[in-house]
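Each remark here refers to the structure printed beneath this line.
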Amino acid sequence: MPAAYQPTGQSGTKNPSLRKQLRQRRRQLDHFTQRHNAIRLTHRINRSLTWRGSRRIAFYQAIDGEIDPAGLLKKAWVQGKICYLPVLHPFHPHRLVFVRVSRHSRLHRNRWGIAEPVPAVGRVASIKSLDLILVPLVGFDRQGHRLGMGKGFYDRALSFRAGRRFPRLIGLGHMCQESGETLRPAPWDVRMDQIATPRWSFGRLWPL
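Using my numbering, you'd call the opening residue of the sequence shown number 614 and step up by one each time.
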């Protein structure tokens, strides 16, 4: 049984300056590099066996220099996959739900400035029913540990995942977001099955 999530929402890493440093690295990437990295990552993920075998996939809206999965979202629609975006729970503000989206979905900005769909009846998925979740990150190490923004949204949403194979979890990042040190996860931090960057990937899934 995984440890109960701590209410502070803080990451397990003991070095808060590391998060600041890694956020700064991705923010410093110029528009050309951001776009180039996103295109390369889209090609890598799109030809992977994990992607091909997944039908219900959760994406995210990139902010703050995160690598943008918008190209993958467009490919998923063309390929007939069922696509979801994370939404802050309307009654439990520290929790995420995943809402089905189409090309025609209307989005609005949440309190963090992130575009998200309205969680309409019948379009909210059970997270356990998803095949694949693409997860944003601030930093990562080669053991699959993820450093997030420090709010704990994904760790809370994925707390059920211990000991399960699905949904598959792939953390997406730029190469510059690799930590120079092994991250020290807290008991509630959720490890990724795979870390994928534009150039390489590593983890427990088929090579990307």
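For glycine and all other residues, C-beta sits at the position ideal for the given N, C-alpha and C.
Could you check the C-alpha separation between residue i and residue j for me, to the nearest Å?
i           : j           : result
residue 755 : residue 804 : 11 Å
residue 732 : residue 649 : 32 Å
residue 642 : residue 799 : 30 Å
residue 629 : residue 769 : 20 Å
residue 619 : residue 721 : Bear in mind that the predicted position of residue 619 carries a pLDDT of just 41, short of 50, making it unreliable; the figure below should be weighed with that in mind. Distance between the alpha carbons of residue 619 and residue 721: 30 Å.
residue 639 : residue 658 : 20 Å
residue 779 : residue 708 : 20 Å
residue 622 : residue 652 : Bear in mind that a pLDDT of 40 at residue 622, under 50, signals an unreliable position, so the model cannot answer this.
residue 680 : residue 711 : 20 Å
Just verifying my parser: in three-state terms, what is the DSSP assignment at residue i?
i           : result
residue 814 : strand
residue 686 : helix
residue 798 : coil
residue 691 : helix
residue 706 : coil
Quick check on the burial criterion: 16 or more other C-beta atoms within 10 angstroms. Buried or exposed for residue i?
i           : result
residue 787 : buried
residue 614 : A caution first: residue 614 carries a pLDDT of 35, below 50, which makes its placement in the model unreliable, though a value can still be read off. Answer is exposed; the Cβ neighbour count stays below 16.
residue 668 : exposed
residue 715 : exposed
residue 689 : buried
residue 758 : buried
In the DSSP output, which residue or residues are listed as bridge partners for residue i?
i           : result
residue 699 : 711
residue 809 : 785 and 814
residue 791 : 753
Unbroken stretches of the beta strand (DSSP E), 3 residues or longer, contained in the stretch 710 to 789: 720 to 722, 728 to 730, 745 to 749 and 781 to 785
Whole runs of the beta strand (DSSP E) within the stretch 631 to 676, excluding any shorter than 3 residues: 669 to 671
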